[in-house]
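Single-structure report; data block below.
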Amino acid sequence: MRRQRHVDVDLPWEGGQWGALSVETIINNLETNPSRLEWTQEVTGLKIAFIRHPDVEFFTAGSPHMNVGMACNDCHMPDVKIRNRTFSSHNLMSPLKADMAACKRCHYDTTEELRTTVLEIQNANASALITAGYKTATAAKLIELAKASVETSAADVQPAYEQAVGHYRGALYRVIFMGAENSMGFHNPAEGQRILADAAAEADATAAILRDLLTSRGVEVPAEVPLQLRTYLDNRGAHQKGFAAAQYIPDPAGIAQTTWPVSLAALLQ
Ligand code: HEC
Ligand code: HEC
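The opening position of the sequence shown corresponds to residue 894 in the numbering used here, with each subsequent residue numbered one higher.
What follows is the structure in structure tokens.
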């Protein structure tokens, strides 16, 4: 893949290497530059950076197709024949909508097999993303509870609290990163699973530290922290966007539903 040159856009790639722009490098860049912390998260009050469409970063971090020298256009601009001449299609779209024609230049599988493979990868990714998302939301609610119930700047509390917040930021950025890439994990399946496993672990670490801290201060923490999702899903941003039931996706593996019994009906209440 040719190195893409960006003239105006300031990308958080410093310290990274082309082809190895890991999510860790990106988070480190964002976190060490206070001017990038552009929005404030309501529930935690923390200032956070944006991560926008990290498709190049995610794909180039050692994906199987990157490793064999492919670029975006190999799948998204497949060759089309017009009057016996071959052109590359400029109709950028999902390979799933074009009978997987892009894939068949190299893979001998049938359309159905290829489609099933893509959907399996995407389902596994969606499951990990939803699970990590609920864990991260739980961590956010615990930060909110800690801030409301203990003096988090007190000398004996602060180090643990700061540590918990550090883990939370690691979880949140990874979940945002995976939510913002556009292929639902297909561009780099193993890397996606790695990032989301790390997100879940960071969120669990936040929760463990804060549960200890709160308990030691005599604050009772429920085993299942109410996520109060509806509070955050309605009236979002300047456009006051509301929760859209049609966009609710249950965990394809059914794991999140059993751990966090968040049904569509409960959300609609
Ligand atoms: C090996 C093939 C392949 C390569 C290479 C590839 N993609 Fe994709 N891309 C896909 C597939 C498959 C999807 C999932 C489409 C779907 O879910 O409908 C996708 C989805 C997308 C989407 C969402 C499009 C939509 O209609 O849903 C965008 C945007 C995208 N890719 C950008 C890129 C960029 C940028 C690169 C290079 C950095 C890249 N892709 C490299 C196969 C590829
Ligand atoms: C230019 C050739 C080429 C195109 C086009 C291509 N692939 Fe591949 N793909 C490869 C090669 C080569 C590998 C094997 C890499 C390896 O074995 O390490 C591979 C690996 C894979 C894998 C295994 C990934 C993994 O995690 O191990 C899947 C799944 C896959 N391709 C699906 C697709 C789909 C779906 C498309 C179309 C959207 C596509 N490929 C387009 C060449 C291609």
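The C-beta atom is built at its ideal place from N, Cα and C for all residues, glycine as well.
Scanning its chain for C-beta atoms nearer than 8 Å, with the 5 sequence neighbours on each side dropped, one finds around CYS996 the residues CYS968, PRO988, ASP1002 and LEU1007, in chain order.
Excluding its 5 nearest sequence neighbours in each direction, ASP992 has C-beta neighbours in its own chain below 6 Å: THR1004, listed in chain order. PRO1145 and ASP1049 have their alpha carbons spaced roughly 43 Å apart. For SER1042, same chain residues with a beta-carbon under 8 Å away, outside a window of 5 residues either side, are LEU1107, ARG1110 and VAL1112 in chain order. For the pair ILE944 and THR1010, the Cα-to-Cα distance works out to about 28 Å. The beta-carbon separation of ILE919 and GLU950, rounded to 6 Å, stays under the 8 Å limit for a contact. For HIS1000, the distance from the CB to the nearest heavy atom of ligand 1 is not below 7 Å.
If you ignore the 5 residues before and after MET1077, its C-beta comes within less than 7 Å of the C-beta of GLN1015, ASN1018 and ALA1019, all in its own chain and listed in chain order. Look at the beta carbons and you see the segment 1047-1064 not touching the segment 1113-1122: under three pairs across the two are nearer than 8 Å.
Judged by their CB atoms, ILE1036 and VAL1058 are nearer to each other than the 8 Å cut-off.
Checking the DSSP bridge columns, you'll see ILE941 partnered with TRP932. Judged by their CB atoms, GLY1063 and GLU1095 are nearer to each other than the 8 Å cut-off. Shown here for THR1024: same chain residues with a beta carbon closer than 7 Å to its own, the five before and five after excluded, namely ALA1093, ASP1144, ILE1148 and ALA1149 in chain order. Annotation: ARG1123 to PHE1136 spans about 7 Å, alpha carbon to alpha carbon. Residue side-chain check: ASP992 keeps its Cβ at 7 Å or more from all non-hydrogen atoms of ligand 1.
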